[in-house]
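Enquirer: One point on numbering: in the numbering used here, the residue at position 125 of the sequence shown is 127, and numbering is uninterrupted.
Pasting a structure here, questions to come.
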Amino acid sequence: MSTAWGDESVRKSNVPESMYLMGACVCDLDEDFTRSRLNTVKPRNASKLHWRDMQPKLRFKAIDAISGLGLTHVIVAAIPLGDWNTAERARRKCLETLLPVLEREYSVDRLVLERRDKAQDARDIRFIDALRSRRFIDSIRVDLVAGAADARLWLPDQLLGSYGDWRAGEHQYDGFLASVRTIVISAG
3 MSTAWGDESV RKSNVPESMY LMGACVCDLD EDFTRSRLNT VKPRNASKLH WRDMQPKLRF
63 KAIDAISGLG LTHVIVAAIP LGDWNTAERA RRKCLETLLP VLEREYSVDR LVLERRDKAQ
123 DARDIRFIDA LRSRRFIDSI RVDLVAGAAD ARLWLPDQLL GSYGDWRAGE HQYDGFLASV
183 RTIVISAG
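Given below as C-alpha cells:
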C-alpha cells in the first residue's frame, strides 16, 4: 500500500473558468530526501515551497525536480467553480471522487492533506467518515498535517500550481502535465 500527499487550490483569475482543484501525488519517498530535493528551489526565507510565492524561473525548476521523482499524480478539477455554490461543496465532491480513485486504482491506504482551520478539518473528517459509512471508500485513512511540517505536502501544491497556470494558457509544463491523470467534474 502507498501514501498520497494532497492539496487544494482555487483559481478564479486569468483562467477561462474559475475552478476548485484537489490534487494528490502518490509518494512513498523519504521525507528527508524529498525535502533536500525541493529545498534547492525553495525561496530562502520561506517555510515551505508554495507556488504563488515563487518566481516563474523557480516554478520551472520545481516542476523539473518533481518530474525526476517518477511519481503518480492525480488532479480532480471542479469546473466551473461558480456552479458549485461554494468552494466547500466543490471540495467535498473532489474528495468524493479522489479518495476512491486513490484507494482502488492506485492502492493508496493513506492520504495526507494540508491542515486548514479546526472547524474545516472537523468538517472534512465528518465527511470522510460519511463516505466510509456509505461505502464510497473502504479503509483509506486521511490525516491532516501542517503544510510546512512535511516536504511531501509541497508536491501537490506544485502540481496544482502548474495545472492552474496551464489552464491560464501557460504551456511550459506540458511535458510534466501529460503524465498527470486529470478528472474534471461538473455540478450538473
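Yeah, the Cβ is synthetic: ideal placement off N, Cα and C, and Gly gets one too.
Here the structure is a predicted model, which means the values were calculated and not measured.
(1) Does DSSP put Cys-96 in a helix, a strand or coil?
(2) Return the residue from the list Lys-14, Ala-153, Leu-51 that minimises the CA-CA distance to Asp-85.
(3) Between Leu-104, Glu-33, Ala-26, which has its C-alpha nearest Ser-141's C-alpha?
(4) Where Thr-36 and Glu-107 are concerned, what is the direct C-alpha to C-alpha distance, given to the nearest angstrom?
(5) Only counting the same chain, and skipping five residues up and downstream in sequence, which positions put a Cβ closer than 6 Å to that of Leu-155?
(6) Going by C-alpha to C-alpha distance, which of Arg-39, Arg-143, Gly-171 sits closest to Ala-64?
(7) Looking only at C-alpha atoms, which of Asp-176, Tyr-175, Leu-162, His-173 sits nearest to Tyr-22?
(8) Run the proximity test for Ala-170: is its beta-carbon closer than 8 Å to any non-hydrogen atom belonging to the ligand FAD?
(9) Within a Cβ cutoff of 8 Å, which residues of the same chain sit near Ala-170, ignoring the five residues on either side of it in sequence?
(10) Mind checking which residues open and close the beta strand (DSSP E) that includes Ile-185?
(11) Let me check understanding here. Comparing Cα to Cα, which of Asp-126, Gly-72, Ile-81, Gln-122 lies closest to Val-28?
Expert: This is what the structure holds:
(1) As a working note, residue 96 is residue 94 in the sequence shown. Residue state, collapsed to three classes: helix.
(2) Residue mapping note: residue 85 aligns to position 83 of the sequence shown, counting from 1. Closest by alpha carbon: Lys-14.
(3) Position 139 of the sequence shown holds residue 141. Considering only alpha carbons, the answer is Leu-104.
(4) If you number the sequence shown from 1, residue 36 lands on position 34. If you number the sequence shown from 1, residue 107 lands on position 105. C-alpha separation (whole angstroms): 24 Å.
(5) Here residue 155 refers to the residue found at position 153 when the sequence shown is read from its first residue. Trp-7, Glu-116, Gly-149.
(6) For the purposes of this step, residue 64 is taken as the residue at position 62 of the sequence shown. Among Arg-39, Arg-143, Gly-171, the Cα nearest to that of Ala-64 is on Arg-39.
(7) Sequence index remark: in the sequence shown, residue 22 carries index 20 (1-based). Closest option to Tyr-22, Cα to Cα, is Leu-162.
(8) No copy of the ligand FAD appears in this structure; indeed no ligand is present at all.
(9) Position 168 of the sequence shown, counting from 1, holds the residue named residue 170. Closer than 8 Å at the Cβ level, and outside the excluded window around Ala-170, lie Arg-13, Asn-16, Val-17.
(10) For the purposes of this step, residue 185 is identified with residue 183 of the sequence shown, where counting begins at 1. Residues 183-187.
(11) Residue mapping note: residue 28 aligns to position 26 of the sequence shown, counting from 1. Residue Gly-72 is the option with its Cα nearest to Val-28.
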